[in-house]
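K.L.:
Residue numbers (UniProt numbering): 1 to 158.
Shown next, in the form of structure tokens:
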């Protein structure tokens, strides 16, 4: 099936859903971001396999930390058959200090480099994007930092 214009919105929604899961601490939502056997490389957790492994790594790293993730510059490329896509998305992740670090911020700047697959929509559920080719999920993610500014102790003492 050829990609539709709605696939662009569906892909953006998946990438935004990731940020929503982290910032609201709704970690089960990651099941609607990644395929079950996702492969991922994060700066602090390289070579992860499986959504549960990623979820546990994120909970261990960010669970007790208040965060605010913003997505910025983005490139989306959908394959001609509409079954796969690749995205490069720049982000800013603000990590807000707590306890002895109240009022401090650690900002992370970087890119999410993703490979996604389009799965069949079940029972007509296109996750709010009627006309999309199906349900998009990340099958491979690489997180690259371009810089970090602030006090790294925010991530260790809370």
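Even glycine gets a Cβ: it sits at the ideal position worked out from N, Cα and C. Owing to the predicted nature of the structure, the values given are computational and were not obtained by experimental measurement.
Pull up the distance between the alpha-carbon of residue 152 and that of residue 106, whole angstroms please.
P.N.:
Cα-Cα distance, rounded: 7 Å.
K.L.:
What span of residues does the alpha helix (DSSP H) with residue 18 cover, start to end?
P.N.:
Residues 5 to 24.
K.L.:
Only counting runs of 4 or more residues, tell me where the alpha helix (DSSP H) segments fall wholly within the UniProt domain "SnoaL-like" (7 to 142), in order along the chain.
P.N.:
Counting only runs of 4 or more, we get 51 to 62.
K.L.:
Report all residues from its chain with a CB closer than 6 Å to the CB of residue 159; omit the five preceding and five following residues, and keep chain order.
P.N.:
Beyond the ends of the chain as shown, which are 1 and 158, falls residue 159; an answer cannot be given.
K.L.:
Apply the 10 Å Cβ neighbour rule to residue 164 and answer buried if 16 or more other Cβ atoms are within range, or exposed otherwise.
P.N.:
With the chain covering 1 to 158 only, the question about residue 164 has no answer from this structure.
K.L.:
Thinking C-beta only, is residue 89 closer than 9 Å to residue 114?
P.N.:
In contact: residue 114 and residue 89 (Cβ atoms closer than 9 Å).
K.L.:
If you draw a straight line from the C-alpha of residue 121 to the C-alpha of residue 10, how long is it?
P.N.:
Between residue 121 and residue 10, the C-alpha separation is close to 12 Å.
K.L.:
Please determine, among 157, 156, 143, 149, the residue with the shortest C-alpha to C-alpha distance to residue 46.
P.N.:
It is 143 whose Cα lies nearest to the Cα of residue 46.
K.L.:
Leaving out five residues on either side along the sequence, give the residues of the same chain with a beta carbon under 6 Å from the beta carbon of residue 2.
P.N.:
Same-chain partners within the cutoff: 82.
K.L.:
Alpha carbon to alpha carbon, how far is residue 65 from residue 97?
P.N.:
Straight-line Cα distance between these residues: approximately 7 Å.
K.L.:
Going by DSSP, what residues sit across from residue 147 in a beta bridge?
P.N.:
DSSP output for residue 147 lists 109 as bridge partner(s).
K.L.:
What did DSSP end up calling residue 153 once you bin it into helix, strand or coil?
P.N.:
In this structure, residue 153 counts as helix in the three-state DSSP scheme.
K.L.:
Enumerate in chain order the residues of its own chain whose CB-to-CB distance from residue 75 is below 6 Å, with the five nearest sequence positions on each side excluded.
P.N.:
If we look at residue 75 and ignore the five residues flanking it on each side, its Cβ neighbours are 88.
K.L.:
With a cut-off of 8 Å on the beta carbons, I'd call residue 33 and residue 21 a contact; round off their distance for me.
P.N.:
Between residue 21 and residue 33 the Cβ distance is about 7 Å, and since that is below 8 Å, they are a contact.
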